[in-house]
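In the numbering used here, the protein residues as written are 647 to 1357.
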Ligand code: AMP
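So this is what it looks like as C-alpha cells:
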C-alpha cells in the first residue's frame, strides 16, 4: 500500500470536515462545516440563506481536506440555529463507504428525520464563518503586504496535501480534452486502452455543428458538416473556454476563428448562432457528454466519473470552466490533471527509476513545456510555461493563407474567399501539413475552388517553404521552453529525457528544433497522440483503486490583484508549489467595503492578464479605516479559494466572489490616473508587447468577414 492509500485508511470525519457547495446552476461556492454525514444525507453548519427544496452540488472534504465524495443533494430542511439538512440525490462514491470513513471519535450519524425548518438567520454555530471559494481546500499564509509572520496564522486551515486516493464503485475514465480532438481511455487488465469513437477512430473531433433546423452534431458528424455549415461549426473551443470576454480581445482573436465570436452570458466567449449566443463552456460540456455516451456505448456500463486533462498553462477560470462543463455532462471530476503530467505518467508506467523529463506538448491549439521529476509513486512538476495561442491549427491557417495567395497570384485574381472556401482551404491545409511530415513536397488540389471563373486550386508546397513560413511558430515554442528552464535555473543538460506529446510534434521542423535545443533525440517510448489520454486512464484507474501516485504540482501563472493605475501586484507567484496560500492586506473604504479584482498572468499591466473574479468584502466594523487581510489559497488541484478577516479583530468576514460586474467597468475604474496609490502598488514596468500569432491573409479575411466590432 503506498503512502497515499495509507493516509486514506486513516481518514476521519470530525470537527474540521467541510462541505463545498453551490446551488445548482450558480457559480458561488460556499465552504461550510460538515457536522454529520450518513449514507443518505448530511447536516451542514451554515449561515447561508437557502431554501428547503433547492438542489445543491457539493464536494465533501474530510478532516485532512481530502475530497471523499462529490454529488448532488436536495436541501430537505433549513433551521436558523442548526444549519441545513441535505439528502443525497447522487453520490460519487459507494454510499456504504461514508460510514467506513467516519472515525470512532466522530461516528457517522444517520440524518435525522425531516424537521420543520425556518429559513435564513444569523450564523448558527459559535465560531462558524463563511468562506468564499471557487471550490477546494483553503489554507493560510503570510501577509505579502504587511509581513505577518506565518506562525501567526491559525492552524484550522493548515494546507493539505494530496487528496487523490478515493475508492469508488464504477469505472473512472481518462479524458484528454483536446483543442482538435478529444480522446477517452480506460484501464483493462492493468493496461491503459483508448476508447474508440463512434466511427472507430481513436479520437473524437472536438467540434459541434448547429444545423439550421435546430439539430446539433458533435464529433465526427460535426467535422463532416464543417464545409456545409462553416459559420455554424465550432472548432477550437478549448482555446476560449472559461475566458472572460472582452470586445477588443474578441476582435483580435476573431482572425483565428472561422465562425462569429460573441459575448455569452456571464462575460464568457461564445459563438453567434442565428439570434443567440452559445457559450464555449456549453460547447465543452456537449463534447464531454459525447465522450461519456461514446464510452458508455463502448464499455456497456454507465460512466459517471473521469480524470480530465487540461494544458498546464490553463488559468484558474479555464480549469473551473472545465469542471463545470463536466458537471453539466454528468461527470464527476475525480481530478483535473495537467496534460504534461499525464504524459509523464504514461512514460513512467512500470518504470521505477528516477528521471527528470522535459515534456514538449504541442497540440492542436496550445503549447506547454514542463519539466517533471519522476520517482516511484511520485511526480513532481518543477517548472511549466506555455501559450494557449500557438498550435497545429495556426500552421493550418498559415498554409491556407499561402494557398490562397499562390492561387490568386497564378490566376491573376484578387478576392476575399467566402466561408465555404475558407473551410475548404483550411481542410486542405491540414491534409497538406500532415503529408509534409512524411514527404518533402505535396500538391494541394481543391476542385472547383472558384465558380466564376471556374477554376480548380492546384498549389504545390515544399517542406522547405512550409518550414519558412511557419518558422515563427516553432521559434515561439523554443523561446518558451528556454525561458521555463531559465526560470528554474535548469539547462538542457539537466534533463534526462525529452517527451514529445501532441500531433504537432510530428512536424519535422519541430523535432529538429527540440533535438537542437537538447542536443539529443527525443524519447520514442510514448506515442505523442495517445500519451496524455493513456496517462489520464492510468491515473483514473489508480484513483479508483486507491493507489494513485502523489502529484506535486505548481501554479502555472502568477495570481495577483490589480491596483489603481492598472498595476498588477502578484500575490502567489508562478511556479509556486501547491497547495499554497498567501495573504494581502487592503484598506477598506469609508463604507467599510473592499473590492479586490483578481487577475492571472505575468504582465505588470493587469489588463493584459486573465481576469478571474473580484473578491468583495463589506462589513460595518471596517467603516472606520478598517483593514482586511485577504487570503488567496490554492489546493493541490490548483483550485483557488479566497477568504478574509478583519486585520484588527481577526474576525472572519463574509467574502463574495463576483464575476457579474463587467470587466470593462473594473478596468475603467482601475485605469484612472494613480493619485496616491495605496502602499505596495508596483509601478508599471515598461514591457515588450506580448508575442502574437503572425498576421496572415486568411486572418485578415476572417477579421473582415466578421466585422462585428465596426473596424
Ligand atoms: P492533438 O492536440 O494532439 O490532437 O494535436 C492535433 C494537432 O496535431 C492538429 O493540429 C493536427 O493537425 C496535428 N497533427 C496530427 N498529426 C500530424 C502530423 N502527422 N503532422 C503534423 N501535424 C499533425
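From the three backbone atoms N, C-alpha and C, an ideal C-beta is built for every residue, glycine too.
Are the beta-carbon atoms belonging to residue i and residue j less than 8 angstroms from one another?
i	j	result
residue 1146	residue 1124	no
residue 853	residue 843	no
residue 826	residue 1010	yes
residue 1185	residue 981	yes
residue 736	residue 701	no
residue 1069	residue 1049	no
residue 873	residue 1073	yes
residue 1027	residue 1199	yes
residue 934	residue 972	yes
residue 1261	residue 1214	no
residue 1344	residue 903	no
residue 718	residue 683	no
residue 1263	residue 1301	yes
residue 1108	residue 1087	yes
Is residue i near ligand 1, judged by its Cβ being under 7 angstroms from some heavy atom?
i	result
residue 1150	yes
residue 883	no
residue 1270	no
residue 827	yes
residue 1039	yes
residue 1175	yes
residue 1079	yes
residue 1076	yes
residue 1010	yes
residue 1153	yes
residue 1016	no
residue 1083	yes
residue 1032	no
residue 824	yes
What does the alpha-carbon distance come out to for the pair residue i and residue j?
i	j	result
residue 998	residue 1021	6 angstroms
residue 792	residue 1233	Because the pLDDT of residue 792 is 32, which lies under 50, any placement of that residue in the model is unreliable, and the question is left without a value.
residue 828	residue 955	10 angstroms
residue 974	residue 931	6 angstroms
residue 1099	residue 1064	15 angstroms
residue 1130	residue 1031	6 angstroms
residue 908	residue 857	18 angstroms
residue 1183	residue 1311	43 angstroms
residue 1241	residue 886	26 angstroms
residue 698	residue 681	18 angstroms
residue 1139	residue 1163	10 angstroms
residue 900	residue 1304	27 angstroms
residue 1059	residue 1346	17 angstroms
residue 851	residue 869	7 angstroms
residue 1271	residue 1257	28 angstroms
residue 1193	residue 983	16 angstroms
residue 1017	residue 1008	14 angstroms
residue 1329	residue 731	Interpretation of residue 1329 is limited by its pLDDT of 41, a score under 50 that renders its predicted location unreliable; the figure taken from the coordinates is listed afterwards. Straight-line Cα distance between these residues: approximately 50 angstroms.
residue 1337	residue 1166	28 angstroms
residue 1282	residue 708	15 angstroms
residue 1101	residue 1115	26 angstroms
residue 1293	residue 1275	6 angstroms
residue 923	residue 916	6 angstroms
residue 1104	residue 1154	24 angstroms
Exposed or buried, residue i, counting other C-beta atoms within 10 Å across all chains shown (16 or more means buried)?
i	result
residue 1341	exposed
residue 1176	buried
residue 860	exposed
residue 811	The predicted model places residue 811 with a pLDDT of 34, which falls under 50 and marks its position as unreliable, so this point remains unresolved.
residue 1061	exposed
residue 799	Summary for residue 799: the model assigns pLDDT 30, below 50, so the residue's position carries little reliability; its value from the coordinates is reported in the next sentence. It counts as buried.
residue 1085	exposed
residue 1236	exposed
residue 822	buried
residue 1000	exposed
residue 1339	buried
residue 1353	exposed
residue 1229	buried
residue 849	buried
For the stretch 1266-1314, which segments carrying the beta strand (DSSP E) assignment without a break, of at least 3 residues, lie completely within its bounds, in sequence order?
-> 1273-1280, 1286-1292 and 1301-1304
Would you list, in sequence order, the uninterrupted alpha helix (DSSP H) runs of no fewer than 4 residues that lie entirely inside the stretch 840-905?
-> Qualifying alpha helix (DSSP H) stretches, in chain order: 866-871 and 893-899.
What are the start and end residues of each continuous alpha helix (DSSP H) run of 4 or more residues lying completely inside the stretch 1211-1238, in chain order?
-> none
Please specify which runs of the beta strand (DSSP E), each continuous and at least 3 residues long, are wholly inside the stretch 1056-1134, giving them in chain order.
-> 1087-1096 and 1101-1108
Start-end ranges of the beta strand (DSSP E) lying completely within the stretch 1134-1193, minimum 3 residues | 1143-1147
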